[in-house]
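K.L.:
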Amino acid sequence: MREELGKLLDHLGQKEIATWHIGDFAIQVDPKTIVMSAIAGLLVVALALILRRALRQPIEDKPNRTQAALDFVVDQLNGQLLSNFSSKSLGTRMFPFVSTLFLYILFSNWLSLLPGLEAPTSDPNVTLGLALLVLVMSHVFLVRTKGLRGYKKEFFTPWWLSPITIMSEVVARPLSHGFRLFGNVFAEMVLVTIVLAKLEPFVIPIGLRVIFGIGFGLIQAFVFSILTVAYINLATEKH
Amino acid sequence: MLQEAQTAVQGISGADLVQVAKFLAAGLCMGIGALGPGIGIGNAVSHALDGIARQPESRGALFSTMIIGCAIVETTAIYALLISIVLLFVA
Chain A
1 MREELGKLLD HLGQKEIATW HIGDFAIQVD PKTIVMSAIA GLLVVALALI
51 LRRALRQPIE DKPNRTQAAL DFVVDQLNGQ LLSNFSSKSL GTRMFPFVST
101 LFLYILFSNW LSLLPGLEAP TSDPNVTLGL ALLVLVMSHV FLVRTKGLRG
151 YKKEFFTPWW LSPITIMSEV VARPLSHGFR LFGNVFAEMV LVTIVLAKLE
201 PFVIPIGLRV IFGIGFGLIQ AFVFSILTVA YINLATEKH
Chain B
240 MLQEAQTAVQ GISGADLVQV AKFLAAGLCM GIGALGPGIG IGNAVSHALD
290 GIARQPESRG ALFSTMIIGC AIVETTAIYA LLISIVLLFV A
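Protein sequences appear in the order of chains A and B. Taking this note's numbering, I'd label the letters of the first sequence as residues 1 to 239. Taking this note's numbering, I'd label the letters of the second sequence as residues 240 to 330.
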């Protein structure tokens, strides 16, 4: 058991890269990340399909246990995410997107709790992809609220500040957004592996793993989605 | 003593020194880079707790605002992490 963990420590963060050659292009992918993120997505969909069955009852009936639990989850999401949108209409329009993002990241983070699986969010490509999604989204909102001229004005007034503005808005923002999630998930993975490998006789490994995984995963998913809300708010506000 | 040191030094090449510098720089970068955000997050949380202690009913709003603030303060630590990763694996 211990040697196994020690070996895990040696290969921590190593990727097995597969390369596809299509003509002159070489596409490099990490099959593990793809499979893991597909599993996370399928898990969310499967849970939704399974839990939907419990909701098939007349609306006048007393809510059953599943419905009560789901009500609690939706209430929490409503309270924490919806209240942070700058306007109510924006909130109701964007709530599905943000809460889907939240649930997907939550289940991705929690995947590492299952033996043999790895959190896809511990790969920077996944988190940067999600951050890029949010970036494109917020820019689309910016164009919609301000128009193309206003969009240009946003970045080029005053013109001599434009390099800094573009740097901070377009480059640094998705980088920090994506790497925040990656850094925290990866650091949690490293920490837990090191503690398990080196301090195995002193702690209850499974308990630590579960408490760390659940707490960290929840907080990081929440931070990611609440920052998404903040960025969308910034993009839609009118001066 | 001196002889021991000399024999130990003889096996070290330039590439080894570069590796040593990389590890040192990555460790220092992360350590010093985490100082500021640590102080900042501590400040943010302490004031949020003050606010919650004074007005327990404003807990929800304060909590989510605090999380946003913490996330933004954390950004500099994320940049330090980025530089450490670049130093270790790319440079």
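C-beta: ideal position from N, C-alpha, C; glycine also. None of the values given here were measured: they were computed from a predicted structure.
Give the secondary structure of residue 28 of chain A by DSSP, where H, G and I count as helix, E and B as strand, and everything else as coil.
P.N.:
In the first sequence, counting from the first residue as 1, residue 28 of chain A sits at position 28. It is a strand residue.
K.L.:
When you compare only the Cα positions, how much space is there between residue 254 of chain B and residue 270 of chain B?
P.N.:
Here the question's residue 254 of chain B lines up with position 15 in the second sequence. Here the question's residue 270 of chain B lines up with position 31 in the second sequence. Each residue's alpha carbon lies about 24 Å from the other.
K.L.:
Just grab the DSSP bridge partners of residue 22 of chain A for me.
P.N.:
In the first sequence, counting from the first residue as 1, residue 22 of chain A sits at position 22. DSSP lists A:25 as partners of residue 22 of chain A.
K.L.:
Mind checking whether residue 103 of chain A and residue 221 of chain A have CB atoms under 9 Å apart?
P.N.:
Within the first sequence, residue 103 of chain A is the residue found at index 103, counting from 1. Within the first sequence, residue 221 of chain A is the residue found at index 221, counting from 1. Taking 9 Å as the Cβ cut-off, residue 103 of chain A and residue 221 of chain A qualify as a contacting pair.
K.L.:
With distances taken between CB atoms, is the gap from residue 189 of chain A to residue 119 of chain A smaller than 9 Å?
P.N.:
The count along the first sequence starts at 1 and reaches residue 189 of chain A at position 189. The count along the first sequence starts at 1 and reaches residue 119 of chain A at position 119. Contact flag set, yes.
K.L.:
What residues in the stretch 288-314 of chain B bring their beta carbon closer than 9 Å to a beta carbon of chain A?
P.N.:
Going along the stretch 288-314 of chain B in chain order, one finds 299, 300, 302, 303, 304, 306, 307, 309, 310, 311, 313, 314 with a Cβ nearer than 9 Å to chain A.
K.L.:
Please report whether the beta-carbon of residue 170 of chain A lies at a distance below 9 Å from any beta-carbon of chain B.
P.N.:
As a working note, residue 170 of chain A is residue 170 in the first sequence. So no, residue 170 of chain A is outside the interface.
K.L.:
So which residues on chain A does residue 321 of chain B lean against when the C-beta distance must stay under 9 Å?
P.N.:
For this step, residue 321 of chain B is matched to residue 82 along the second sequence. Correct list: 175, 176, 179, 183.
K.L.:
Could one say the Cβ of residue 166 of chain A lies closer than 9 Å to chain B's Cβ atoms, at least one of them?
P.N.:
Within the first sequence, the letter at position 166 stands for residue 166 of chain A. For residue 166 of chain A, the answer is no, since every Cβ of chain B falls outside 9 Å of its Cβ.
K.L.:
Less than 9 Å between the C-beta atoms of residue 304 of chain B and residue 287 of chain B, yes or no?
P.N.:
In the second sequence, the residue the question calls residue 304 of chain B occupies position 65. In the second sequence, the residue the question calls residue 287 of chain B occupies position 48. In contact: residue 304 of chain B and residue 287 of chain B (Cβ atoms closer than 9 Å).
K.L.:
In three-state DSSP terms, what is residue 180 of chain A?
P.N.:
Translated into the one-based positions of the first sequence, residue 180 of chain A becomes position 180. It is helical.
K.L.:
How should residue 229 of chain A be labelled, buried or exposed, when 16 other C-beta atoms within 10 angstroms of its C-beta is the threshold for buried?
P.N.:
In the first sequence, the residue the question calls residue 229 of chain A occupies position 229. Its Cβ being crowded by 16 or more others within 10 Å, residue 229 of chain A is buried.
K.L.:
Locate the alpha helix (DSSP H) running through residue 160 of chain A, then write down its first and last residues.
P.N.:
The residue you call residue 160 of chain A lines up with position 160 of the first sequence. Where residue 160 of chain A is concerned, there is no enclosing alpha helix (DSSP H), given that its DSSP letter is neither H nor E.
K.L.:
What in chain A is Cβ-close to residue 317 of chain B, meaning under 7 Å?
P.N.:
Locating residue 317 of chain B in the second sequence gives position 78, where the first residue counts as 1. The contacting residues are 176, 179, 180, 183.
K.L.:
Relative to the C-alpha of residue 234 of chain A, which residue among A:217, A:181, A:169 is closest?
P.N.:
The residue you call residue 234 of chain A lines up with position 234 of the first sequence. Among A:217, A:181, A:169, the Cα nearest to that of residue 234 of chain A belongs to A:169.
K.L.:
Alpha carbon to alpha carbon, how far is residue 27 of chain A from residue 218 of chain A? Give it in angstroms, no decimals.
P.N.:
The residue given as residue 218 of chain A occupies position 218 in the first sequence. The residue given as residue 27 of chain A occupies position 27 in the first sequence. So the alpha carbons of these two residues sit roughly 33 Å apart.
K.L.:
Buried or exposed: residue 162 of chain A, going by 16 or more other Cβ atoms within 10 Å of its Cβ?
P.N.:
Numbered from its first residue, the first sequence carries residue 162 of chain A at position 162. That one is exposed.
K.L.:
In chain order, which continuous runs of the alpha helix (DSSP H) of length 4 or greater are located wholly inside the stretch 266-324 of chain B?
P.N.:
Segments of the alpha helix (DSSP H) lying fully in the stretch 266-324 of chain B: 298-324.
K.L.:
Do the stretch 150-160 of chain A and the stretch 92-111 of chain A make contact, defined as three or more Cβ pairs closer than 8 Å?
P.N.:
In short, these stretches do not touch, since the Cβ pair count stays below three.
K.L.:
So, does the CB of residue 223 of chain A fall closer than 9 Å to a CB anywhere in chain B?
P.N.:
Mapped onto the first sequence, residue 223 of chain A falls at position 223. Yes, because at least one Cβ of chain B sits closer than 9 Å to the Cβ of residue 223 of chain A.
K.L.:
Nearest-angstrom Cα distance between residue 244 of chain B and residue 250 of chain B?
P.N.:
Mapped onto the second sequence, residue 244 of chain B falls at position 5. Mapped onto the second sequence, residue 250 of chain B falls at position 11. The straight-line gap from Cα to Cα measures roughly 11 Å.
K.L.:
So within the stretch 59-117 of chain A, which uninterrupted alpha helix (DSSP H) runs reach at least 4 residues, ignoring any that extend past its ends?
P.N.:
Fully enclosed alpha helix (DSSP H) runs of 4 or longer: 65-81, 88-111.
K.L.:
Could you tell me whether the stretch 129-145 of chain A touches the stretch 175-185 of chain A, where touching means 3 or more Cβ pairs closer than 8 Å?
P.N.:
Short answer: they touch.
K.L.:
Mind reading off the beta-carbon distance from residue 273 of chain B to residue 316 of chain B? Whole number of angstroms is fine, and I expect it under 8 Å.
P.N.:
As a first step, residue 273 of chain B must be located in the second sequence, where it is residue number 34. As a first step, residue 316 of chain B must be located in the second sequence, where it is residue number 77. Sure, about 5 Å apart at Cβ, within 8 Å.
K.L.:
What does residue 80 of chain A reach in chain D if we use C-beta pairs closer than 7 Å?
P.N.:
Judged by its chain identifiers, the structure shown contains no chain D, and its protein chains are A and B.
K.L.:
In chain B, which residues lie less than 8 Å from residue 226 of chain A when you measure between Cβ atoms?
P.N.:
Position 226 of the first sequence, counting from 1, holds the residue named residue 226 of chain A. Neighbours of residue 226 of chain A on chain B, chain order: 303, 306, 307, 310.
K.L.:
In the DSSP assignment, find the alpha helix (DSSP H) that holds residue 248 of chain B and state where it starts and stops.
P.N.:
Reading the second sequence from its first residue, position 9 is the one you call residue 248 of chain B. Where residue 248 of chain B is concerned, the enclosing alpha helix (DSSP H) stretches over 241-249.
K.L.:
Which residues of chain B have a Cβ atom closer than 7 Å to the Cβ of residue 84 of chain A, listed in chain order?
P.N.:
Here residue 84 of chain A corresponds to residue number 84 of the first sequence, with the count starting at 1. Under the 7 Å cutoff, chain B gives 303.
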